[in-house]
Amino acid sequence: MSVVLEAQGVEEYRSGKAVLRGVSIRLHSGRVAALLGPTGAGKTTLFDVLVGERRPQRGVVRLMGEDVTKLPMWRRARLGVGTIPQGPTVLPDMDVDGNLTTFERLGGGERKGSLYWARMVGLEQRLGVRAGHLSGGERRLLEIARSMVTRPRVLICDEPFSGIDPAGAMRIAQMLRGLALEGVAVLLSDHHASIALRISDEVGLLLDGEVHFWGSASDWIKEPLVRERYLGGSMDG
46 MSVVLEAQGV EEYRSGKAVL RGVSIRLHSG RVAALLGPTG AGKTTLFDVL VGERRPQRGV
106 VRLMGEDVTK LPMWRRARLG VGTIPQGPTV LPDMDVDGNL TTFERLGGGE RKGSLYWARM
166 VGLEQRLGVR AGHLSGGERR LLEIARSMVT RPRVLICDEP FSGIDPAGAM RIAQMLRGLA
226 LEGVAVLLSD HHASIALRIS DEVGLLLDGE VHFWGSASDW IKEPLVRERY LGGSMDG
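In the working numbering, the protein residues as written are 46 to 282.
Here it is as structure tokens:
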């Protein structure tokens with residue numbers, strides 16, 4: 046179990062206010078990690094730092110032991126950092142086939158054809174359907190398929206279950222778990238704590254820009270600070 050992506054002592058400030066305060070995390074191959082916390086805790090900012098969308102003011106990001114802190118997002122993507130951002134990224138007026146072939150052509154990954162990637166996520170019967178006509182869960186699966194074109198070592202998912210019905214969310218969760226079984230390091234954040242906990246090997250709690258807990262899902266549930274500051278007695282936060 047090797048460390049794929051690592052952040053060490055990451056600090057980020059906005060308008061003079063600390064958004065991330067010395068954050069350090071490690072993501073391991075073949076494991077799913079969930080980073081949970083209330084709105085405004087700094088999760089999206091940290092994810093932006095990890096994928097290269099934002100450069101931290103302090104701290105280091107390493108991919109397979111190499112410093113990638115100064116590399117832009119597209120360079121990190123070529124090196125194996127995949128991402129599923131919070132908002133929709135599919136091309137709504139283009140069908141599933143077009144979304145996959147376009148990304149395959151531009152992504153610099155393996156050329157295996159849209160049917161291959163669609164089968165990976167169970168969308169092979171939807172190749173001719175416009176992405177804008179897919180359900181929320183199907184669009185998220187399409188985003189996962191597009192991210193896999195470049196064969197990522199790590200996949201960063203910001204709110205992958207947001208706006209998706211329970212059945213669709215569980216389908217996506219199972220897909221992410223399956224990617225981990227193939228050796229991909231997966232990091233996700235979502236307000237649906239119960240689903241995230243169900244598939245995660247390790248869980249972190251981010252509060253006010255600081256990691257206050259990192260451990261197993263079973264230890265997470267027992268942690269007093271988790272119940273006090275995040276769950277509030279509810280598994281869905």
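Cβ atoms here follow ideal geometry from the backbone N, Cα and C, with glycine treated the same way. Computed from a prediction, not measured in an experiment: that's the story for all the values here.
| query | result |
| --- | --- |
| C-beta contact flag for R76 and D246 at 7 angstroms | yes |
| Secondary structure of H178, DSSP reduced to three states | helix |
| Proximal residues to T114 (C-beta, below 6 angstroms), its chain only, five neighbours per side dropped | V105, V106 |
| Span separating the alpha-carbon of S263 from that of A63 | 31 angstroms |
| Strand pairing of T128, partner residues [DSSP] | I201 |
| G228 versus D210 - alpha carbon distance | 28 angstroms |
| Given M220 as reference, the closest of R272, I244, T147 once Cα atoms are compared | I244 |
| The stretch 66-82 / the stretch 47-56 touching (three or more Cβ pairs under 8 angstroms) | yes |
| Beta-carbon contacts of L186 that lie in its chain and below 8 angstroms, excluding the five residues immediately before and after | V166, G167, L168, R216, I217, M220 |
| Whole-angstrom distance between A190 and G213, CA atom to CA atom | 15 angstroms |
| Cβ pair V55, V96 closer than 7 angstroms | no |
| Identified DSSP bridge partners for G260 | V248 |
| Extent of the continuous beta strand (DSSP E) to which A86 belongs | Unbroken run through A86: none, as it is neither H nor E. |
| Beta-carbon spacing of G208, G181 below 7 angstroms | yes |
| First and last residue of the uninterrupted alpha helix (DSSP H) at S159 | 159-165 |
| Separation of A122 from E98, as counted between CA atoms | 11 angstroms |
| Burial state of S60 (16 or more Cβ within 10 Å) | exposed |
| Residue environment, S69, which counts as buried when at least 16 other CB atoms sit within 10 Å | exposed |
| Buried or exposed (CB count within 10 angstroms, at least 16 for buried), L160 | exposed |
| CB contact flag (I129, P205, <7 angstroms) | yes |
| Inter-residue Cα distance where the pair is E188 and P101 | 26 angstroms |
| Among D138, K157, L200, V248, nearest to V174 - alpha-carbon criterion | D138 |
| Beta-carbon proximity check, V135 vs R184, cutoff 7 angstroms | yes |
| Beta-carbon gap between A86 and L251 smaller than 7 angstroms | yes |
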